[in-house]
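Residue 321 is where the sequence shown starts when you use our numbering, and the numbers rise one by one after that. Every residue, glycine too, gets a C-beta built ideally from N, C-alpha and C. Computed from a predicted structure; not experimentally measured.
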Amino acid sequence: LNDAEETIEQSLAIAQAENSPEDISAAYLMLGNISKDRANKAQERSETREIQGNFQQADEYYQQAADNATTSNAKIEAQLNQLSLLGDREEEFTEEQWELLAQIRDTIEQLPLSSTAISARINWARMVMEQENRINVSPQDIAQQLTLALQQARELQEPRAEAYALGQLGELRLEYEQLEQAEENTRQALIVAQSIGASDVVYRFQWQLAQILKEQGKSAGAVAAYENAVNNLDILRNDLVSVNRDVQFSFRDSVEPIYREFVSLLLSEEDSSQQDIAKARKIIESLQEAELVNFFQENCLTASPVEIDQIDSKAGVISPIVLKDRIEVIVTLPIPEAESAESGVRLLHKSVPLPPDEEQTYFIDTFAKLREAVAPRVSVDPNRGLNEESELDKSDFHKLSLTTKDENLSFPASPRPRVPASLFRLATDSEPKESEERATIGVEGATPGKPEDYLPLAQKVYDWLIRPIEQDIANSGVETLVFILDAPLLNLPMAALHDGKQYLIEKYAIAFTPSLQLLESQPLERGELTALKAGISKTPPPVELASTKEPLQFSQLPNVQAELDKIQSQVPGELIVNEEFTNKAIQKAIGSAPFPVVHLATHGLFSSTPEDTFILTWEDTLNIDQLNQLLRGREEGQEKPIELLVLSACQTATGDRRAALGLAGVAVKAGARSTLATLWVVNDAATAELMIDFYQELNQDKTISKAQALRRAQISMIKGDNTERQKPYYWAPFVLVGNWL
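In structure tokens, the structure reads:
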């Protein structure tokens, strides 16, 4: 986007010098589109200040585009884009904006038959349909514009526009519960879209068809339609990150909800079949994979089907997913030998309903509050979640029967209440953070939470996620719990969940993976353990945040030197510290020797965008791609891959609900089979203690897994003499992602 913006600004300067209003308008329109894209990306990361600034900039650019437009077509396009910003911000139109929309409609009526006129009609209808309170616009008005667009698209033989018009008519019918007509329109749209191979359109209408069939009580048909939509999304993964604006759609609104709705339908019965539970678990994993593709903006994942009993017969998998009216927890457990002579797994699912008097964001808010209670300094905003539903305008529409050759445009008095596309639309009305809040990231001022604050919440979340299945887990004989976490749970340390007597980590080793299909499942090769160790103990020079160019000043980590020296005495290998810790030095060290472990005791930031996910070196940073190149470059020259990447002083970005995607992203793409990292920056003396214990456990007992070694180190701190360090603030943020063996 930065390169595109620079090029367009140069074009704008030339157009202004040549006094060409047409080219000036076109340049401002493109600049507006870039600012709008930036705002939407910031919206997914919940960066309030960036959202507001970019939306305001886009609004100004679109106004300039409209003011300089020399044709009705160009002016309408700029005005519609300007008004679309309100939909993106989930704001209602003012009376003045409704008047402008009416003027645009009148202008559209005067346009000659053309592709621009068809697009304008469809976009006008879409924009109106996004609004709850439609001033002076009836459903008949909307249907009439779509019907005219449909007729004109057929006349000009433009099948893509024809599909859009039909599909939007189907959506309008669905909104007014005219389900048979909605189904007919949607099936027609699908036929047209499939005839031209428009997969990005097809999946949307398959989703819409699934919703219609579900409303009609046709569960089998709805399941088939959802499955088709998900399969098309899998095919579309490369296009999800395309720069083509036709297929650059919002993940949270246009992709994520499909997976959640599908899982909700599959698990709607308490006694769901093993087949439906297995399918639901696969969909949950597909959602995590799609999240990562969206995060990377490229399809870099290689998945292969595998079952947990093929990896570790002493591990169970827990896959929780948050739906609009409940939490579903799927657990996959190996079948004990006493029950069956054959290996295999058993699937269970438990539902935790939303309490009747609670808002839809109750679960998400509670997760955020627990994270805040354990580690107040780096918590997410507990109020960030679903936007409040605005009251539906109940005023009756005048019934008007406008009949054309293709459509009967009669509608009931009012539509059904609109439901947000995504449960996890991020609220953007919170106070913007001052830039100074992000300018210094470190451990100063960080205080552990109080037991009276976090224990009740830790027990409540335990009751939701673990209590319904704890007896099944105990009976299975598993020793390790592997979590495939839904997005709202990614920042939450599962080790800190509490059953009223003890923490979950005291009962089981814990690991995380975005998907079993992405695992490198070999156990850690034993023998003499060697490691490349590097870190920064001094105050490093400031670096810039890639996305905003803001300077970041990280604090010193004075205990890093002692941590690395102690680990060096237990685990031999190269040691690089402070000014010597450069990108070039790390590259040389990794390429020179087959270290199975790379331990980096340095600051790092996990964010919901790859460019702002990095590891700090002296005077520089290593982003995910650079780290991947370093580690995988080593693999090309060495026979043995890196078994374990340790990042012992990293943190997830404050206030970024999806920030832990950065951690998952590093784990998947960095080139190591497993990654041990921290969700927040801990007192570095406590970090040194835990990491030293971790390596001692690995060295002393060659039979235990990495997850078990981490558990022992955490329990050592929980049961240690230092009562302050018994708090989960100190030991719970350490998470093992990927291969736990």
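Q: With a floor of 4 residues, list each alpha helix (DSSP H) that falls wholly inside the region 898-936, ordered by position along the chain.
A: Taking only runs of at least 4 residues, the alpha helix (DSSP H) segments lying wholly in the region 898-936 are 903-912.
Q.
Can you give me the C-alpha to C-alpha distance between S392 and L950, rounded to a whole angstrom?
A. Taking the sequence shown and counting its residues from 1, the one referred to as residue 392 is at position 72. Taking the sequence shown and counting its residues from 1, the one referred to as residue 950 is at position 630. Going from the Cα of S392 to the Cα of L950 covers about 54 angstroms.
Q. Are there three or more Cβ pairs, one per stretch, closer than 8 angstroms when the region 429-437 is compared with the region 471-481?
A. Taking 8 angstroms as the limit for Cβ pairs, the verdict is that the region 471-481 does touch the region 429-437.
Q.
I want to know whether the region 777-784 touches the region 682-692 - three or more CB-CB distances under 8 angstroms.
A. Short answer: they touch.
Q) Is A378 closer than 8 angstroms to L349 when the C-beta atoms are compared? A) To locate residue 349, count along the sequence shown from 1; it is residue 29. To locate residue 378, count along the sequence shown from 1; it is residue 58. Cβ atoms of L349 and A378: not closer than 8 angstroms.
Q: State the DSSP-derived secondary structure class of Y1015, mapped to helix, strand or coil.
A: Here residue 1015 corresponds to residue number 695 of the sequence shown, with the count starting at 1. DSSP places Y1015 in helix when its eight states are reduced to three.
**Q.** Helix, strand or coil at V665 [DSSP, three-state]
**A.** Residue 665 sits at position 345 when you count from the first residue of the sequence shown. In this structure, V665 counts as strand in the three-state DSSP scheme.
Q: Determine the direct distance from the alpha carbon of I962 to that of P916, and round the result to whole angstroms.
A: Along the sequence shown, read from residue 1 onward, the residue named residue 916 stands at position 596. Along the sequence shown, read from residue 1 onward, the residue named residue 962 stands at position 642. Their backbone Cα atoms lie some 5 angstroms apart in a straight line.
Q) Which first and last residues belong to the alpha helix (DSSP H) in which K853 is found? A) Residue mapping note: residue 853 aligns to position 533 of the sequence shown, counting from 1. Here K853 belongs to no alpha helix (DSSP H); instead the beta strand (DSSP E) covers 851-855.
(Q) For A990 and S927, what's the separation of their Cα atoms in angstroms? (A) Residue 990 sits at position 670 when you count from the first residue of the sequence shown. Residue 927 sits at position 607 when you count from the first residue of the sequence shown. When the Cα atoms are used, A990 and S927 turn out to be separated by approximately 15 angstroms.
Q.
Out of P862, N339, S439, which one is the CA nearest neighbour of L476?
A. On the sequence shown, residue 476 is found 156 positions in, with the first residue counted as 1. Residue S439 is the option with its Cα nearest to L476.
Q | Meets three-Cβ-pair contact criterion under 8 angstroms: the region 513-527 and the region 493-503 | A | The region 513-527 is not in contact with the region 493-503.
Q: Quick one: residues in its chain with C-beta nearer than 6 angstroms to the C-beta of A502, no 5 flanking neighbours on either side, listed in chain order?
A: For the purposes of this step, residue 502 is identified with residue 182 of the sequence shown, where counting begins at 1. Answer for A502: G490, R493, L494, I532, listed in chain order.
Q: Go through its chain and collect everything with a Cβ distance to I344's Cβ below 7 angstroms, but skip five positions before and after it.
A: As a position in the sequence shown, residue 344 is number 24, starting the count at 1. Result list for I344: L332, A335, Q336, N388, in chain order.
**Q.** R993: first and last residue of the uninterrupted beta strand (DSSP E) it sits in
**A.** Within the sequence shown, residue 993 is the residue found at index 673, counting from 1. For R993, the enclosing beta strand (DSSP E) starts and ends at 992-998.
Q) Which word fits N1042, buried or exposed, when buried means at least 16 other C-beta atoms lie within 10 angstroms of its C-beta? A) Counting from 1 along the sequence shown, the entry for residue 1042 is found at position 722. With fewer than 16 other Cβ atoms within 10 Å, it is exposed.
Q.
Based on DSSP bridge pairs, tell me the residues matched to I641.
A. As a first step, residue 641 must be located in the sequence shown, where it is residue number 321. The partner list for I641 (beta bridge, DSSP) reads E648.
Q: Verify whether the separation of the beta carbon atoms of G664 and I655 is less than 8 angstroms.
A: Along the sequence shown, read from residue 1 onward, the residue named residue 664 stands at position 344. Along the sequence shown, read from residue 1 onward, the residue named residue 655 stands at position 335. Between G664 and I655, the gap from beta carbon to beta carbon is short of 8 angstroms.
(Q) Going by DSSP, what residue range makes up the beta strand (DSSP E) through P676? (A) Here the question's residue 676 lines up with position 356 in the sequence shown. According to the DSSP assignment, P676 belongs to no beta strand (DSSP E), since it is labelled neither H nor E.
Q: Tell me G1058's beta-bridge partners as DSSP assigns them.
A: By 1-based counting over the sequence shown, the position of residue 1058 is 738. Answer by DSSP bridge pairing, in chain order: S994.
Q. Leaving out five residues before and five after T800 in sequence, what residues of the same chain have Cβ atoms less than 8 angstroms from its Cβ?
A. Walking along the sequence shown from the start, residue 800 turns up at place 480. Excluding its 5 nearest sequence neighbours in each direction, T800 has C-beta neighbours in its own chain below 8 angstroms: D632, K634, A635, G636, Y828, A829, I830, A831, S1025, A1027, Q1028, W1060, listed in chain order.
**Q.** Proximity of Q856 and W938 at Cβ, strictly below 8 angstroms
**A.** Within the sequence shown, the letter at position 536 stands for residue 856. Within the sequence shown, the letter at position 618 stands for residue 938. Note that residue 856 is Ile in the sequence shown here, rather than Gln. Closer than 8 angstroms, so yes.
Q. Do you know offhand how far I455's Cα is from Q876's?
A. Locating residue 455 in the sequence shown gives position 135, counting from the first residue. Locating residue 876 in the sequence shown gives position 556, counting from the first residue. Linking I455 to Q876 through their CA atoms gives a straight-line distance of about 58 angstroms.
Q. In three-state terms, what does DSSP make of A829?
A. Here residue 829 refers to the residue found at position 509 of the sequence shown. DSSP places A829 in the strand class (E or B) of the three-state scheme.
Q.
Here's a check: name, in chain order, each residue in its chain whose Cβ is nearer than 7 angstroms to the Cβ of P479, leaving out the five neighbours to either side.
A. If you number the sequence shown from 1, residue 479 lands on position 159. Residues of the same chain with a CB within less than 7 angstroms of the CB of P479, apart from the 5 flanking positions on each side, are V512, S515, I516 in chain order.
Q) By how many angstroms is the C-alpha of I638 removed from the C-alpha of S592? A) As a first step, residue 592 is located in the sequence shown; it is residue number 272 there, counting from the start. As a first step, residue 638 is located in the sequence shown; it is residue number 318 there, counting from the start. Going from the Cα of S592 to the Cα of I638 covers about 17 angstroms.
Q. Going by the beta-carbon positions, is the gap between L884 and V897 smaller than 8 angstroms?
A. Residue 884 sits at position 564 when you count from the first residue of the sequence shown. Residue 897 sits at position 577 when you count from the first residue of the sequence shown. Against a cut-off of 8 angstroms, the Cβ pair of V897 and L884 comes out as a contact.
Q: Could you tell me how far apart the beta carbons of P1053 and P813 are, in whole angstroms, since I believe they sit closer than 8 angstroms?
A: Numbered from its first residue, the sequence shown carries residue 1053 at position 733. Numbered from its first residue, the sequence shown carries residue 813 at position 493. Rounded to whole angstroms, the Cβ separation of P1053 and P813 is 6 angstroms, and the two are in contact under 8 angstroms.
Q.
Mapping the DSSP letters down to three states, classify S458 as helix, strand or coil.
A. In the sequence shown, counting from the first residue as 1, residue 458 sits at position 138. S458: coil per DSSP, three-state reduction.
Q | Three-state class that DSSP yields for E790 in the structure shown | A | To locate residue 790, count along the sequence shown from 1; it is residue 470. Three-state DSSP puts E790 in a helix.
Q: Rank S340, R952, Q594 by C-alpha distance to the C-alpha of V988 and give the top, closest one.
A: Here the question's residue 988 lines up with position 668 in the sequence shown. Cα-wise, what sits closest to V988 is R952.
Q) Looking at N505 and the ligand FAD, is the gap between the Cβ and the nearest heavy atom below 7 angstroms? A) The ligand FAD is absent from the structure shown, which contains no ligand whatsoever.
**Q.** Neighbourhood of E1017 by C-beta distance below 7 angstroms, restricted to the same chain and skipping five residues each side
**A.** By 1-based counting over the sequence shown, the position of residue 1017 is 697. The residues are I1024, A1029, R1032, A1033.
Q) Which residues does DSSP pair with D940 in a beta bridge? A) As a first step, residue 940 must be located in the sequence shown, where it is residue number 620. Bridge partners of D940: T937.
Q | CB of G911 within 8 angstroms of CB of K853, strictly | A | The residue you call residue 911 lines up with position 591 of the sequence shown. The residue you call residue 853 lines up with position 533 of the sequence shown. With respect to the 8 angstroms criterion, G911 and K853 are not classified as neighbours on the basis of their beta carbons.
Q.
For R1045 and L690, what's the separation of their Cα atoms in angstroms?
A. Locating residue 1045 in the sequence shown gives position 725, where the first residue counts as 1. Locating residue 690 in the sequence shown gives position 370, where the first residue counts as 1. Using only the alpha carbons, I get a separation of about 18 angstroms.
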